[in-house]
Amino acid sequence: MCDNLTVRQHWQAVAAVFFAGLLVLGATAARPGVSTAYVDPVSRIQAQDEAVYGATSLGMAGVSSNTSGEWLTPRFLGRYALYKPPLFYWLSAICIKILGPIPFALRSPSLLAGAATVALLFVWIFRITASTSSALTGALLLLSSHMFFVLSRTGLMDAVLTLETALAMFALAIDPKLQSRWAFLCFSIASGAALMTKGIAGAYPLLGFAIFCIISGVRPRFARLLQAVAVVAAISLPWHLWQLYQHPRWFWNEYVLTEHVAFGLGTPPQAIAEPQAWFYLKRLVMLDPVLLAAALFGVTRVRPRAAVAWIIVVLIAVVAYAYRNASYLLPIFPPLAVIAASAIPPRRARLVLALVVGLFAIKAFSPGAPWGIPFQPESQNPSQAVLKEYAARHRPNALILVEPDDQFYSAGLSLPRVRYCYLDPRTERRKFPLDFDELGIVITASQFAHFEELRPLYAARLRQWNLDSDEALATTILARSEAEIASLIASHPETDFYVPSIFALSAAAHEMQPGANGRVLLLARAHQ
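What follows is the structure, encoded as structure tokens:
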């Protein structure tokens with residue numbers, strides 16, 4: 000392949016890389032059920048947040064039971080969902096408006112962001128090496144990286160955040176002082192958008208900028224820096240200030256004290272025995288050993304300062320933030336690919352590209368490995384098909400899912416009322432700054448037996464938190480024993496249940512129908 004491209008040919012190549020990346024990522028992307036991708040393939044943890052974010056976006060678009068039609072304040076199951084800023088929800092809701100309420104629409108922002116990141120890496124590496132083969136190698140290394148491939152096909156925020164970080168760091172790479180208008184706007188807008196995508200995690204570009212200045216000794220003029228800060232603030236501050244004004248207690252307790260302080264600096268609600276650093280190192284090695292080895296070798300030959308600063312930021316962040324999630328590693332793979340591809344000797348570039356094409360094929364034929372490329376669904380959730388068919392019946396009854404296994408898929412369906420009942424024998428549970436127990440969002444089975452009597456009390460508490468709807472009340476029910484669950488079913492003959500068959504024995508007032516995974520649907524014999 001000729002490396003002496005004209006400007007027109009270069010941008011044609013960039014467009015070709017983008018559309019090729021979109022084709023590879025988009026192929027079969029609509030097949031997996033919601034939340035069936037593994038956000039952590041080592042521990043085989045499903046991406047439950049895809050259903051949560053999807054339900055919020057569907058509600059914004061006005062096409063689910065969680066319908067609010069409100070675009071400024073995200074909601075989930077009737078309550079405010081202020082744990083993340085709304086940019087990703089906005090993008091998903093727009094795609095839903097265009098494509099309809101289908102999983103592919105929920106995943107479209109991630110698909111487009113993934114393909115754009117691949118194309119951006121092609122441009123970045125070409126600027127360093129002037130080699131089309133090396134640039135294609137870096138793009139393919141990233142595209143074939145398991146975590147990047149999976150999360151670019153999943154309705155989560157990580158792929159969008161990774162693109163925003165890549166744009167900001169690329170701007171620094173080509174113009175460290177941000178003197179050109181393009182680099183200045185690219186860095187500033189991407190940094191502001193990152194904060195609007197994932198809150199404190201969106202600080203990657205700003206932290207990367209600080210570390211880049213330290214290791215390079217180059218920094219913009221003070222006036223230019225103030226201008227960048229002004230643009231970032233203009234993009235990210237209005238929504239945050241609006242929520243602080245409109246919903247001060249909820250925003251402060253959920254967004255600040257719970258999401259960023261309790262989960263980030265405190266002890267998150269996770270039972271993980273692995274030490275923090277080992278948790279991420281193990282997954283970094285297992286998810287893409289070839290890319291990691293190539294980058295470690297590459298850094299002995301080249302050190303693109305923006306890419307190095309980017310890696311340092313991600314490593315510091317994942318170790319410092321107490322909550323552990325393998326997906327937090329996603330932003331580290333693009334700079335690893337930049338370093339690995341930039342270090343390829345020019346005479347070996349075509350050979351290495353051929354080897355990476357072979358590597359892609361090997362990964363595609365090993366989808367079950369943590370480092371493989373899973374074009375097919377990583378897991379199945381038969382309950383989702385049952386619940387979709389149930390929603391199509393348009394029954395007016397409330398539905399309670401006992402020990403649910405749908406990963407909150409049902410929250411995005413057009414159902415009159417959906418609740419979740421969990422078996423939880425604990426007498427004491429950890430309290431967070433936003434106490435769902437106090438607000439009646441989480442109640443015990445014994446409290447649910449007297450729910451109508453308690454409803455005015457809990458509704459009044461929600462109003463004190465500026466939530467004027469009681470739709471969120473009793474969306475989670477905690478039962479201390481199987482006997483309590485059986486009693487719950489027997490005492491609510493007007494409610495539909497989706498339960499493990501072991502709890503269906505006392506359901507004389509319901510008609511049993513087959514479910515999935517050893518579950519049955521208990522349909523109330525009479526509609527409400």
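Okay, so the sequence shown: first residue is 0 according to numbering that gives the first Met the number 0, each after it adds one. Using N, Cα and C, we set each Cβ at its ideal position, and we do this for glycine too. All values derive from a computational prediction rather than experimental measurement.
If you check the beta carbons only, do residue i and residue j fall under 8 Å apart?
i: G198; j: P84; result: yes
i: P267; j: Y322; result: yes
i: N252; j: L433; result: yes
i: D404; j: S378; result: no
i: A38; j: A46; result: First, the residue type needs correcting, since residue 38 is Val and not Ala in the sequence shown. Yes, Cβ-Cβ distance for V38 and A46 is below 8 Å.
i: A305; j: F211; result: yes
i: V307; j: I214; result: yes
i: F364; j: L141; result: no
i: V33; j: G53; result: yes
i: G371; j: H145; result: yes
i: I488; j: L521; result: yes
i: P376; j: P73; result: no
i: E552; j: L386; result: The chain is shown only over 0 to 527; residue 552 falls outside these bounds and no answer can be derived.
i: A503; j: V519; result: yes
i: S107; j: T153; result: no
i: E493; j: R460; result: no
i: S468; j: G77; result: yes
i: T161; j: P303; result: no
i: M156; j: G207; result: no
i: Q245; j: L81; result: no
i: R126; j: L177; result: no
i: P373; j: V149; result: yes
i: A390; j: R418; result: no
Please report the Cβ distance between residue i and residue j, rounded to the nearest whole angstrom; I am assuming they are in contact, meaning their Cβ atoms lie under 8 Å.
i: V337; j: Y203; result: Between Y203 and V337 the Cβ distance is about 15 Å, and since that is not below 8 Å, they are no contact.
i: A189; j: L166; result: 4 Å
i: G6; j: A138; result: Reading the sequence as shown, one finds Val at residue 6 and not Gly. Rounded, the Cβ-Cβ distance is 19 Å, inconsistent with contact.
i: T196; j: E163; result: 6 Å
i: Q269; j: V318; result: The pair is not a contact, with the Cβ atoms about 15 Å apart (cut-off 8 Å).
i: V230; j: G191; result: 6 Å
i: W238; j: W464; result: About 19 Å separates the two Cβ atoms, so there is no contact after all.
i: F75; j: V51; result: 6 Å
i: P369; j: L286; result: 6 Å
i: I310; j: L335; result: 7 Å
Consult DSSP for residue i and reduce its assignment to one of helix, strand or coil.
i: L264; result: coil
i: F18; result: helix
i: V298; result: coil
i: T443; result: strand
i: A80; result: coil
i: L520; result: strand
i: R425; result: coil
i: D48; result: helix
i: Y327; result: helix
i: V312; result: helix
i: V533; result: Outside the displayed range of the chain (0 to 527) lies residue 533, so it cannot be described from this structure.
i: P288; result: helix
i: V417; result: strand
i: V33; result: coil
i: C1; result: The pLDDT assigned to C1 is 49, lower than 50, so where the model puts this residue is not dependable, and the model offers no usable value.
i: G514; result: coil
i: V62; result: coil
i: P499; result: strand
i: Q8; result: helix
Output the residue ranges of the alpha helix (DSSP H) runs that lie fully inside the segment 139–186 and measure 4 residues or longer, sorted by chain position.
-> 145–150 and 157–173
Kindly confirm or deny that the segment 108–123 and the segment 282–293 touch, where touching means at least three C-beta pairs closer than 8 Å.
-> Not touching, per the Cβ criterion.
Alpha helix (DSSP H) segments (min. 4 residues) lying fully within the segment 370–415 | DSSP runs (the alpha helix (DSSP H)) wholly in the segment 370–415: 381–390.
Scan the segment 65–140 and note each continuous beta strand (DSSP E) run of 3 residues or more that stays entirely inside, going in chain order.
-> none
Quick check: the segment 405–414 against the segment 422–439, are there 3 or more CB pairs under 8 Å?
-> no
Is it true that the segment 87–99 meets the segment 43–59, where meeting means three or more beta-carbon pairs spaced less than 8 Å apart?
-> yes
What alpha helix (DSSP H) runs, 4 residues minimum, are completely inside the segment 196–284?
-> Considered as a whole, the segment 196–284 harbours 203–215 and 221–245 as its complete alpha helix (DSSP H) runs of no fewer than 4 residues, in chain order.
Which runs of the alpha helix (DSSP H) spanning at least 4 residues fall entirely within the segment 429–492, listed in chain order?
-> Runs of the alpha helix (DSSP H) inside the segment 429–492: 435–438, 444–447, 450–463 and 481–489.
Quick check: the segment 133–144 against the segment 341–348, are there 3 or more CB pairs under 8 Å?
-> yes
Given 8 Å as the limit, is there contact between the segment 353–360 and the segment 176–188, that is, 3 or more CB pairs closer than that?
-> no
With a cut-off of 8 Å, do at least 3 Cβ pairs link the segment 468–475 to the segment 437–452?
-> yes
On the three-pair Cβ rule with 8 Å, is the segment 484–498 touching the segment 387–402?
-> yes
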